[in-house]
Every structure is written in C-alpha cells, then in structure tokens.
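Have a look at the structure below, then the notes.
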Amino acid sequence: MEALDLRRRRITILSIIPLIIFLLLWMITPYQPFFAGLTLGAGISLCNILYLARRIRIIGEVAAAGSQPRSGTGLLTRILLVAFGIGLTFRYPEWFDYRSFLLGLPMSYVLLIIVEYWSIGKERLSNRKG
Numbered sequence: 071m072e073a074l075d076l077r078r079r080r081i082t083i084l085s086i087i088p089l090i091i092f093l094l095l096w097m098i099t100p101y102q103p104f105f106a107g108l109t110l111g112a113g114i115s116l117c118n119i120l121y122l123a124r125r126i127r128i129i130g131e132v133a134a135a136g137s138q139p140r141s142g143t144g145l146l147t148r149i150l151l152v153a154f155g156i157g158l159t160f161r162y163p164e165w166f167d168y169r170s171f172l173l174g175l176p177m178s179y180v181l182l183i184i185v186e187y188w189s190i191g192k193e194r195l196s197n198r199k200g
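Read the sequence shown against my numbering and you will find it ends at 200, with the numbers running on by one and no gaps.
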C-alpha cells in the first residue's frame, strides 16, 4: 500500500502546481472565466483521483483482512462531482467557461498515467542494476 501512497502524493503535488498557476493567471489576466473553468475542472479532477485512491486503499485493506469487499470504487460519487461542476459552469457562465472546465477535467488522470509510467520505468531501471 505504500506504493499507492507514494503515487497519490506525487499526483497531488503535480496537480496542485498547475492549480496554483491557474489561480494566479485568473487573478492577473483578463481571461478570468477561462482560468476559473480550468481551476474548477482541475480541482474536481484532483478530488476524483484522491477519492478513487482512498476507495482502492479501503478495498485493498478489506481484501487483505480476508473479508469480502462490499462496495465499489465510488463511480456514482465521482460522476455526481463532475455533474456538480457542469451545473456550476452552466449556472454561472460569466464566472466559469464550460470549455475550459472540460479541458481541466482530465488533468489529474493524465498526470496519473505519467506518474505510473515514470514509476514503472524507475522500477525497471532499479531491477536491471540490482
């Protein structure tokens, strides 16, 4: 489980950096709805990834204890969180641009794939040396 925690920490750090950049750009540029939408999409994406990691950890602990896991990975919760973001963008179009919201949604998932490939490459490199 510590490998999952390490990946979760990396994704969190790598996701917070663009979120801070989007917030700074939101404050200093005239394209406020665009960067607000990016920030909202990226924030919801990060919440979804962290929630998924938490559910996977719980399922792994239950399976390691030998009992049958009763619940899934929280797909409905993650879908409702995205629906909440979509509702915000359509309710307040002067604050959030829906196109940039949709652009920010896959950000943490893309970072997840990058971190995973990086971790696999690092493991392969350490296996060759040792």
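Where a beta carbon is used, it is the ideal one built from N, C-alpha and C, also for glycine.
Quick test of your reading: residue i and residue j, contact by CB under 8 Å. State the CB separation rounded to the nearest angstrom.
| i | j | result |
| --- | --- | --- |
| G181 | I114 | The question names Gly, but residue 181 in the sequence shown is Leu. At roughly 14 Å, the Cβ-Cβ gap does not stay under 8 Å, so L181 and I114 are not in contact. |
| A112 | L89 | 5 Å |
| L94 | L173 | With 8 Å as the limit, L94 and L173 do not qualify as a contact, their Cβ atoms being about 18 Å apart. |
Which residue comes first and which comes last in the alpha helix (DSSP H) that contains residue i?
| i | result |
| --- | --- |
| S170 | 168-174 |
| E164 | Careful: E164 lies outside any alpha helix (DSSP H) and carries neither H nor E. |
| G144 | Element bounds for G144: n/a, residue is neither H nor E. |
| A106 | 102-134 |
| T82 | 72-98 |
Nearest CA to the CA of residue i: which residue from the options?
| i | options | result |
| --- | --- | --- |
| I86 | R161, L120, L145, A73 | L120 |
| G130 | E186, D75, L195 | D75 |
| A153 | N118, S196, M97 | N118 |
| Y168 | R140, I91, Q102 | Q102 |
| F104 | K192, R140, E164, V132 | E164 |
| G155 | L175, G136, I128 | L175 |
Hey, would you say residue i sits closer than 8 Å to residue j, going by beta carbons?
| i | j | result |
| --- | --- | --- |
| T147 | I126 | no |
| F166 | A73 | no |
| L84 | F171 | no |
| S189 | R77 | yes |
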